[in-house]
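Encoded as C-alpha cells, the structure appears first; notes follow it.
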Amino acid sequence: MNFIEKSRTCIGHDVINFTSRRFAIYAGGMNATSQESAADQERRGVTLDEMLPASARLGTLDVGGWTLGIATITPDGANRGNALLVPGFTSSRSTFFCVMQQLADAGYHVAAISQRGQPASTGPSDPAHYDLRTLGLDLVGVIDGLGWSEPVHLLGHSFGGLVATEAAIAHTERWTSLTLWNSGLQNMGADKGLAEGLAGLREHGPRALWVNDRLASGLDPDADVRGELNRVEQFYFDRMMTTNPAQLDAGLEHLATQVDRVDELRETGVRALVSHGDADDAWPTEQQRDDAERLGADYVVVPRAGHSAHQDNPDDSVAALTHFWG
C-alpha cells in the first residue's frame, strides 16, 4: 500500500452523466476543463499548501483540549449550505485547497481541517486518544467553534471517512448529508500491508512509511537523506514527518480493524453519497459500490482520477459534490 495520500496521474473514461439520481454513469464526450488539477500543478512544482485560494483564510480552533488547523472560504453570494471536509491518513487540510474556490463559487461555505495530530494541529502522544469516538466528537467541536448551528454537509476522504461515519452515527442531528469520498465502511483488508506498515512505524518512526511509499513507487528511498527531493516531494516528506506518530499509529489500526458499519449508518437516515475515482487503489472499488447499494446511497465514479479524486479531477469532483449537496 502507498501510505502517502497524494494526487496521481490517472487515465479513465470521459464525463459523468448525472441524469440518474442515485447512480452516476459514464457518458461519451470530454469535459471542458475550467480548473487545473492539483496533479498538473504539482508537475509545475506547485505544492498543495500553495493552492490555497486568495479569498480563503487559515486559522485554528481549540477543540477537545487541542488546537486544530482549519481553512475556511465563504461564497460571495448567497450561502447554499455549510460543508466540513475531513482529510485522510498522512494528510492535512491542504489536500482540499485545490477545490475550495470552486465549492465557494457554487455557493458553499467550506471548512477544511487537519485532524488532531496532523500538520497544523496538535494532538496527544498516546494512540489510545485517537479512538473514533473522540475523533468524531472533534468534528462536532469544529462546527460548534465555527458557530454553524444548521446541519452541515460532512465529507470524509479515505481514513477521514471512518471518522465522518462515526460522527454521523453518534451525532446524527448535526449533519444534513454524509459523503464517503474514496473511503469505505469497513477495514481496508489484510492485503494492504497495514500490519507491516504499523510494525515499521513502531520500530523506526514515520520515516518508515515514507520509505515504504518510495519503494512501492519505484523511487529512491534515501533521496531525503542526501537532500535531493524536489520541492513537491519535500512537501510530502515534511507533511509525513510533522504528523504525530501516535496519530499515524491509531490511523493504521483503524484502517486495519474497522468493522462493517453499513447497517448502523443506514439506520441514522442521513443522506449519503459514496464516491471514488475510477482508478482508486485503496478500498476496492467494487466494495465501495457494494457499500452504496447496501446503504441506499447515491454513488458516483469520478473519471480520470485515483484515490484523491478531488486532486486529480477537480471539475467532475466538484460537480458530483454540488449535485449531491444541492
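Using numbering that gives the first Met the number 0, you'd call the opening residue of the sequence shown number 0 and step up by one each time. Yeah, the Cβ is synthetic: ideal placement off N, Cα and C, and Gly gets one too.
Separation of residue j from residue i, as counted between CA atoms
i, j, result
"residue 24", "residue 299", "Below a pLDDT of 50, predicted positions are generally treated as unreliable, and residue 24, at 44, falls in that range; the measurement from the model is reported next regardless. Cα-Cα distance, rounded: 7 Å."
"residue 254", "residue 179", "14 Å"
"residue 165", "residue 132", "7 Å"
"residue 163", "residue 51", "23 Å"
"residue 88", "residue 103", "25 Å"
"residue 207", "residue 192", "13 Å"
"residue 256", "residue 197", "12 Å"
"residue 154", "residue 229", "31 Å"
"residue 202", "residue 248", "11 Å"
"residue 210", "residue 227", "14 Å"
"residue 156", "residue 225", "33 Å"
"residue 141", "residue 286", "30 Å"
"residue 189", "residue 252", "12 Å"
"residue 62", "residue 93", "19 Å"
"residue 294", "residue 83", "21 Å"
"residue 135", "residue 120", "16 Å"
"residue 276", "residue 177", "17 Å"
"residue 145", "residue 186", "31 Å"
"residue 57", "residue 261", "35 Å"
"residue 20", "residue 318", "Note that residue 20 scores 47 on pLDDT, short of 50, meaning its location in the model is unreliable; the coordinates nonetheless yield the value given after this. For residue 20 and residue 318, the distance between alpha carbons rounds to 13 Å."
"residue 171", "residue 80", "17 Å"
"residue 138", "residue 113", "11 Å"
"residue 297", "residue 324", "11 Å"
"residue 48", "residue 158", "20 Å"
"residue 288", "residue 129", "28 Å"
"residue 75", "residue 218", "43 Å"
"residue 2", "residue 101", "28 Å"
Coil, strand or helix - residue i by DSSP
i, result
"residue 304", "coil"
"residue 170", "coil"
"residue 102", "helix"
"residue 320", "helix"
"residue 190", "helix"
"residue 4", "coil"
"residue 62", "strand"
"residue 27", "Reliability fails at residue 27, whose pLDDT of 32 lies under 50, so the model's placement of it is uncertain and the value that follows must be treated cautiously. Of the three classes helix, strand and coil, the one that applies to residue 27 here is coil, per DSSP."
"residue 250", "helix"
"residue 201", "helix"
"residue 196", "helix"
"residue 278", "coil"
"residue 331", "For the chain, the structure presents residues 0 to 325; residue 331 sits outside this window and is missing."
"residue 56", "strand"
"residue 91", "coil"
"residue 215", "helix"
"residue 283", "coil"
"residue 45", "coil"
"residue 244", "helix"
"residue 264", "helix"
"residue 231", "helix"
Residue j beta carbon less than 7 Å from that of residue i
i, j, result
"residue 4", "residue 307", "yes"
"residue 126", "residue 245", "yes"
"residue 98", "residue 309", "yes"
"residue 33", "residue 314", "yes"
"residue 111", "residue 70", "yes"
"residue 220", "residue 214", "yes"
"residue 181", "residue 279", "yes"
"residue 269", "residue 291", "no"
"residue 242", "residue 105", "no"
"residue 59", "residue 108", "no"
"residue 238", "residue 123", "no"
"residue 183", "residue 282", "yes"
"residue 46", "residue 236", "no"
"residue 326", "residue 168", "Residue 326 falls outside the range modelled here, since the chain spans only 0 to 325, and no answer is possible."
Beta-ladder partner(s) of residue i, from DSSP
i, result
"residue 81", "108"
Cutoff 7 Å: residue i Cβ touching any chain B Cβ
i, result
"residue 224", "Absent from the structure: chain B. Only one protein chain is present."
- Query: Taking only runs of the alpha helix (DSSP H) that begin and end inside the segment 100-186, which ones reach a length of at least 4 residues, in chain order?
  - Reply: Secondary structure in the segment 100-186: the alpha helix (DSSP H) runs of 4 residues or longer, each lying completely within the stretch, are 131-145, 158-169 in chain order.
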